[in-house]
Amino acid sequence: MTTSGIPTAPGALPLVGHAPRMLRDPLRFVAGLAAHGDLVQVRPGTSRVVVVCRPDLVREVLLDDGRFVPGGRPHAGPGAAGPAFDASRMPGYAAVMTEHVERVTGRWKDGRIVDVAAEARDIAAGAAFGAVVSGGASRAAARRCVRDARMVLDGAYRRTFPPVPPVRPPTPGGVRRAAAHRRLRQAVKGFTDAYRAEGADRGDLLSVLAGVHDGGENEAPRTDGEIADQALAFFGAGWGTTAGTLAWALHLLAGRPDVQRRLHLEADAVLDGGGAAFEHLPHLEVTGRIVTETLRMYPPLWLLTRTVSADTELGGHLLRAGTDLVCSPYLVHRREDLYPDPGRFDPDRWTADRERPGDAYLAFGAGSRRCAGDAFAVTATTLALASIAARWRLLPVRGGTPRARAAGTISPEGLRMRTMSRAAVPSRTREGTA
Ligand code: HEM
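At position 7 of the sequence shown (counting the first as 1) the number is 13 in this note's numbering, and the numbers step up by one without a gap.
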C-alpha cells in the first residue's frame with residue numbers, strides 16, 4: 007500500500023524486514039517507534055503496517071470505525087454485552103471473584119513458592135466464567151468448561167503483529183482444541199436450554215445471550231452457535247487480560263515495598279481481616295491506583311489493529327484504502343513526554359492532584375470497540391488484589407523474575423513468588439514488615 011512520506015522504522019532487513027527485531031523483543035521494538043515519527047511504517051516480513059504513535063491520532067483512529075475498520079481480535083459483536091455489565095450486576099460478579107480468590111489462595115502455604123501467573127489465571131478463569139454463567143452449572147461442569155475454554159483460547163489468538171507462518175499443519179494440540187470446542191458448544195447449549203426453560207434472568211451474560219433478561223423478548227433471538235461463540239469471546243476477552251493484570255500488579259508491588267506497605271495498610275483498614283466485597287470498592291483508593299498504574303505499564307491488549315476503509319488523511323499523510331494500522335496502548339503508555347520516567351511503577355501518578363495527559367490512557371481502548379468489560383475488570387482486579395493483600399505478602403524469589411511475553415496479551419511468563427502469610431506476623435509489626 008502507498009504510504010508515501012511516512013518514515014520506515016530503521017533496521018529493516020531484506021525479505022524479513024523488522025521481523026527478527028520484533029521477535030527478539032517486541033515490546034522494546036514497539037515502544038521505540040515513537041522516536042521516529044507520529045506515524046511509522048513497519049515491515050513484519052514482506053508486508054507493511056503503519057504504527058500510529060501520537061495519542062490524539064490513535065484516538066482519531068479508534069473513534070472513527072467507519073474510516074478505520076476494526077480487525078484482528080475475535081469480535082464479541084456489537085452490543086453483545088447488552089445489560090450484562092450494568093452497574094447493578096457488579097456486586098454479584100464481585101462476590102464470584104472473591105470466592106475464587108479464596109479458593110485459590112486457600113491452597114497457598116506459608117513460605118512456599120507459587121507460579122503467580124498460573125494462580126492469577128486460575129482466579130480470573132473462575133471469575134470470568136462466573137460472569138458468563140453465574141448459576142446453573144455444577145462445579146464439575148464449570149471446571150470442565152473452563153478447561154475446554156482455556157484450551158480453545160490458548161490456540162485462538164493469532165498474533166496480530168509479529169509474523170506467523172501462513173499455513174500450519176494439523177497438530178495433536180489442534181485436534182484436542184477442536185474436540186474441546188465441540189464439548190464447549192454442547193455445554194453452552196445445555197446451559198442455554200436450561201435458562202430458557204426456566205425463563206429467569208440470572209444476572210449474567212448468558213441470560214442476555216439467551217434473551218431471558220428484561221427486554222430480551224424484544225431482541226432477535228440468537229442461534230445456539232452464536233450464543234456459544236459470543237460466550238466464548240467474552241470469556242476470552244476477560245480471562246487472560248484480568249489474569250495478566252493481577253499477576254503484573256503482584257510482581258510490580260514486590261519491587262516497591264513502600265507501595266506494598268500502603269496496600270497492606272489499606273486492606274487491613276478497609277477489609278478488617280475478611281475478603282473484599284463490592285461495597286469496599288470506594289474505599290480501596292490505593293489499590294485502585296495500583297491497578298490503573300499496572301494497566302499503564304502492561305496494558306494486556308497492547309496492539310489494536312484497524313484497516314483503512316477508503317483513501318484518507320491522517321496526521322498530514324495520505325493513507326490508501328487497505329492500509330493496515332496498528333495502535334499500541336503500550337507504546338503510548340511508555341512515551342516519556344506523556345508519562346515521565348515511564349518504566350517506573352508509580353501509582354501516585356493517578357492521585358487527583360497530579361496532572362496527566364487527558365487522551366493518553368488507552369488500556370481499555372476507545373470508540374465503539376472500547377472494552378465492554380472495563381468496569382468488571384477493574385472491579386475484579388481491585389477486589390482480588392485487596393483480598394490477597396489482606397492475608398498474604400508475595401516476595402520475589404531468585405530466578406522468578408518474569409519475562410514479558412507479548413503475544414495476544416502481555417503476560418508475565420515464569421513469574422514465581424514466595425507466599426508469606428501475613429497472619430504469621432504479629433499484628434503490631436505487620437505494616438512495618440511489608
Ligand atoms: C484488564 C482487563 C481488560 C483489558 C485491559 C481490556 C482491554 C480491552 C481493549 C483495549 C479493547 C478494545 C479492542 C480494540 O479496540 O480492538 C477491549 C474490547 C473488549 N473487551 Fe476488554 N479488556 C479487559 C477485560 C475485559 C473483560 C473482563 C471483558 C468481559 C468479561 C472484556 C470484554 C471485552 C469485549 C466484549 C470487547 C469488545 C470486543 C469487540 O467488540 O471486538 N474485556 N478490551
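The beta carbon of each residue, even a glycine, is placed where N, CA and C say it ideally should be.
Task: V384 to A130 span [Cα, whole Å] - done: 12 Å
Task: P26, buried or exposed, once every other Cβ within 10 Å from all chains shown has been counted against 16 - done: exposed
TODO: Report the three-state DSSP secondary structure of G117 (helix, strand or coil).
DONE: coil
Open item on the list: Using a Cβ-based criterion (distance less than 7 Å to any ligand heavy atom), does P305 qualify as near ligand 1?
Closed with: P305: yes, Cβ under 7 Å from ligand 1.
- [ ] Return yes when the C-beta of C151 is under 7 Å from any heavy atom of ligand 1, and no when it is not.
- [x] no
Task: Collapsed DSSP secondary structure at R164 in the structure displayed - done: For R164, the predicted structure reports a pLDDT of 42, less than 50, and the residue's modelled location is therefore unreliable. The matter cannot be settled from this model.
- [ ] Quick one: residues in its chain with C-beta nearer than 6 Å to the C-beta of L344, no 5 flanking neighbours on either side, listed in chain order?
- [x] These residues qualify, in order along the chain: P363, A366.
- [ ] Name the residue from A429, T311, S427 whose alpha carbon lies nearest to the alpha carbon of V55.
- [x] T311
Task: Which of helix, strand or coil DSSP assigns to W398 - done: strand
TODO: Give the single residue among R150, T177, A186 whose Cα lies nearest to the Cα of L159.
DONE: Comparing Cα-Cα distances from L159 to each of R150, T177, A186, the minimum goes to A186.
TODO: Go to T14, then tell me how far its alpha helix (DSSP H) extends in each direction, as first and last residue.
DONE: Element bounds for T14: n/a, residue is neither H nor E.
TODO: Ignore the nearest five residues each way along the sequence and tell me which others in G98's own chain have a CB closer than 7 Å to its CB.
DONE: Within the same chain, G98 has close Cβ partners S140, G209.
- [ ] Have a look at H339, I416, T111 and flag the residue whose alpha-carbon is nearest the alpha-carbon of R428.
- [x] T111
- [ ] Spatial neighbours of G520 within its chain, please: CB distance less than 6 Å, with the 5 preceding and 5 following residues excluded, ordered by chain position.
- [x] In the structure as shown, the chain starts at 7 and stops at 440, and residue 520 therefore has no counterpart that could be examined.
Task: Same chain, Cβ closer than 8 Å to L63, five either side skipped, listed in chain order - done: D44, L45, L320, G321
- [ ] Give the range of the beta strand (DSSP E) segment to which V107 is assigned.
- [x] That residue, V107, is in no beta strand (DSSP E); its alpha helix (DSSP H) goes 96–111.
- [ ] Per DSSP, which residues does V58 bridge with? Please list them.
- [x] The beta-bridge partner set that DSSP reports for V58 consists of L45, C333.
Open item on the list: Between which two residues does the alpha helix (DSSP H) holding R262 run?
Closed with: Boundaries for R262: no alpha helix (DSSP H) harbours it, and the DSSP string shows neither H nor E there.
TODO: Could you have a look at P348 and say whether DSSP puts it in helix, strand or coil?
DONE: Note: P348 maps to coil in three-state DSSP.
Task: Residues near K115 in its chain [Cβ-Cβ closer than 6 Å; skip 5 each side] - done: none
Task: Inter-residue spacing [alpha-carbon to alpha-carbon] between V107 and L401 - done: 18 Å
Task: Presumed contact (8 Å Cβ cut-off) between G11 and G51, rounded CB distance - done: The pair is not a contact, with the Cβ atoms about 23 Å apart (cut-off 8 Å).
Task: Any alpha helix (DSSP H) of 4 or more consecutive residues that is wholly inside the segment 273–342 - done: 291–303, 335–339
Open item on the list: Determine whether the beta carbon atoms of G231 and F382 lie at a separation below 8 Å.
Closed with: no
Task: For P418, the residue or residues it bridges with in DSSP - done: The partner list for P418 (beta bridge, DSSP) reads A410.
TODO: Work out the CA separation of D278 and Q266 for me, nearest whole Å.
DONE: Taking the straight line from one Cα to the other gives about 17 Å.
Open item on the list: Can you check which of these residues, R411, G132, H339, L290, is closest to E299 by C-alpha distance?
Closed with: H339
- [ ] Quick one: residues in its chain with C-beta nearer than 6 Å to the C-beta of R295, no 5 flanking neighbours on either side, listed in chain order?
- [x] P353, W356
Task: Residue of C333, E361, L421, S334 minimising C-alpha distance to A346 - done: Correcting the residue identity first, residue 346 is Pro in this sequence and not Ala. Of the listed residues, the one whose Cα sits closest to P346 is E361.
TODO: Please check the pair V214 and Y201, which I expect to be a contact at CB under 8 Å, by giving their CB distance rounded to whole angstroms.
DONE: Between Y201 and V214 the Cβ distance is about 10 Å, and since that is not below 8 Å, they are no contact.
TODO: Within its chain, find whatever has a CB closer than 8 Å to the CB of M96; leave out the 5 residues flanking it on each side and keep chain order.
DONE: F284, A381, F382, T385
Open item on the list: Considering only DSSP beta bridges, list what M423 is partnered with.
Closed with: V120, P402
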